[in-house]
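Down below is the structure, laid out as structure tokens.
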Amino acid sequence: MVAGAGLGLALAAGSAIAAPAFIPLGHLAGGDFSEATSVSDDGRFVSGNAIDASDNLVPVIWDGTTANLLAVPAGFDGAYVNAISGDGQHAVALGLGPGGFQGIRWDASGTPTVLPTNPMTFSSLNAINYDGTVAGGFVNQSFMGGSDAVIWTAAGGLQNIGVMAGGNEASFTDVTNDGSRFVGYAHDPVRRPIAWDATNGFQVLASAPGSNGAGIAIDIAADGSAIAGALDFDGVPRPAFWDSDGTANVLALWSGYAAGEAIGVINGGSLVIGNWREDEFADNLRSLAFVWDADSGSRPLQDVLINDYGIDLTGWTLNTVSHVTPDGLTIVGAGLNPFGELEAFKVVIPAPAGFAAFTLAGLGALARRRR
């Protein structure tokens, strides 16, 4: 679609992919940067961001390899898309508004709506549920710092959830498909990985030996069965996930990488994706994408695709991943292409040989580990 044409793309099934595939999503004409941030549950629609010929940051939804530009509200200089709904028909973002950052939500027609906050506040919508009826993020109430976690619902509009006792900052980063449970972080005053639901409020996630319990929850499985994020060790984040029992599992780092985070998780923690970083301050170019399952442990995604699936990645470095579909068959991210430019990609491994195969083996290994 062209800018303003909407998110309302047909949901008819796309061309089936019969063999494992690595799919570069390309750049906009005249641009040299793109990244994928999320993918619809069926693997068809990918949200992300790209630079255009005028060096503007442009919000994008890819349908296959076709980049469809999302309309930006009047007066905005661009937007950073954080997530697409599971049905592929809605999206949320951090918008570059005239007075600062403001959350944006696109409905199924592609119409953008700015989060209804005061002009002197900053805000972002970071997460959206399957059908686009629930979203979450934060509102920064002043220039002096601090932020409140917020949720938006189609039925009730914006609701300020606030912060934990003893803290002045909280934000939601992801939500279950049914919109009932959020994850993110909240300060007490230390930043803690949290879950939140309407019945129990803020719930601090379990720590692990050697960690002080500080960290962040980044992703929750579509069915709520596991959470991915990071726990701090001596001030440095390590990839971690919380399984269906709520136990924190800290994942190994790769040689040459001192920090990292788990970005996505499915099926109670049977498959985890994430990014290793050279240090806690490393950008995406100094990162390496990984996948984890209980049988094989953590491995670079690039090695798995080359060695296990025979995919030719000559000239590519797969730096980051951002999302995995609930069935474990599709992963999206960004990597350095053969021209040295960061480019969005999608990896599809069809069933039964897909990443979902990890989940079956992983579930068995997790069960064995708990006996």
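In our numbering, each number is its position in the sequence shown, counted from 1, plus 30. Beta carbons are placed, not taken as given, at the ideal position from N, Cα and C, and that holds for glycine.
Point to revise | Opposing strand residues paired with TYR110 [DSSP bridges] | key: LEU124
Review point. So does the stretch 102-115 actually touch the stretch 83-94, counting three or more Cβ pairs closer than 8 angstroms?
Key: yes
Review point. Which residue comes first and which comes last in the alpha helix (DSSP H) that contains GLN332?
Key: 331-339
Practice item. Just the C-alpha distance for TRP346 and GLY365, rounded to the nearest angstrom, thanks. Key: 7 angstroms
Check your understanding: With DSSP run on the structure shown, which of helix, strand or coil describes LEU315?
Key -> helix
Check your understanding: Cβ atoms of ASN159 and GLY214: under 8 angstroms apart, would you say?
Key -> no
Point to revise | Bridge partner(s) assigned by DSSP for ILE224 | key: GLY214 and VAL234
Review point. Which whole-angstrom value describes the C-beta separation of SER317 and ARG329, a residue pair presumed to lie in contact below a C-beta threshold of 8 angstroms?
Key: At roughly 15 angstroms, the Cβ-Cβ gap does not stay under 8 angstroms, so SER317 and ARG329 are not in contact.
**Study point:** Classification of ASN190 by the beta-carbon crowding that lies within 10 angstroms, buried from 16 upward
**Key:** exposed
Review point. So LEU155 and ASN112 are in contact, right, with Cβ under 8 angstroms, and what is the actual spacing, rounded?
Key: 7 angstroms
Point to revise | Per-residue DSSP class, three states only, for ASN415 | key: This structure does not reach residue 415, given that the chain is present from 31 up to 401, and the question cannot be answered.
Point to revise | For ALA66 and GLY56, believed in contact at Cβ under 8 angstroms, the rounded distance | key: Not a contact, Cβ separation roughly 11 angstroms.
Practice item. Assign PRO267 to one of two classes, buried (16 or more other C-beta atoms within 10 Å of its C-beta) or exposed (fewer than that). Key: buried
**Study point:** 8 angstroms CB neighbourhood of GLY196 in its chain, flanking five on each side removed
**Key:** HIS217, ASP218 and PRO219
**Study point:** Contiguous beta strand (DSSP E) assignments of at least 3 residues, all confined to the stretch 235-300
**Key:** 245-250, 257-263, 266-272, 278-280 and 289-296
Review point. By Cβ distance, which residues of its chain are closer than 6 angstroms to ALA51, with the 5 residues on each side in sequence left out?
Key: VAL378
Exercise for review: Within its chain, find whatever has a CB closer than 7 angstroms to the CB of PHE263; leave out the 5 residues flanking it on each side and keep chain order.
Suggested key: GLY240 and SER241
**Study point:** LEU188 - containing beta strand (DSSP E), residue span
**Key:** 187-192
Exercise for review: Given a cut-off of 8 angstroms, decide if GLN119 and THR151 are closer than it, judged by their beta-carbon atoms.
Suggested key: no
Check your understanding: Pick from PRO380, GLY358, ASN349 and ASP309: whose alpha carbon is nearest that of TYR339?
Key -> PRO380
Point to revise | Minimum C-alpha distance to ALA184 - residue among ALA200, GLU199 and VAL164 | key: VAL164
**Study point:** Between the CA atoms of THR147 and PHE388 - distance to the nearest angstrom
**Key:** Only weak support is given to the placement of PHE388: the predicted model assigns it a pLDDT of 49, under 50, and the value that follows is read from those uncertain coordinates. Their backbone Cα atoms lie some 43 angstroms apart in a straight line.
Check your understanding: Helix, strand or coil: which one does DSSP assign to ALA33?
Key -> Because ALA33 carries a pLDDT of 35, less than 50, the predicted location of this residue cannot be relied on, and no value is offered for it.
Exercise for review: Determine the direct distance from the alpha carbon of ASP273 to that of ILE293, and round the result to whole angstroms.
Suggested key: 14 angstroms
Review point. Just how far apart, CA to CA, sit GLU373 and ASN367?
Key: 6 angstroms
Point to revise | Backbone secondary structure at SER139 - three-state DSSP | key: coil
Check your understanding: Can you list, in chain order, the residues of its chain whose CB lies under 6 angstroms from that of ASN124, leaving out five sequence neighbours each side?
Key -> Note that residue 124 corresponds to Leu in the displayed sequence, not to Asn. Cβ within range, chain order: TYR110, PHE131 and SER154.
Point to revise | Inter-residue spacing [alpha-carbon to alpha-carbon] between ALA244 and ARG222 | key: 5 angstroms
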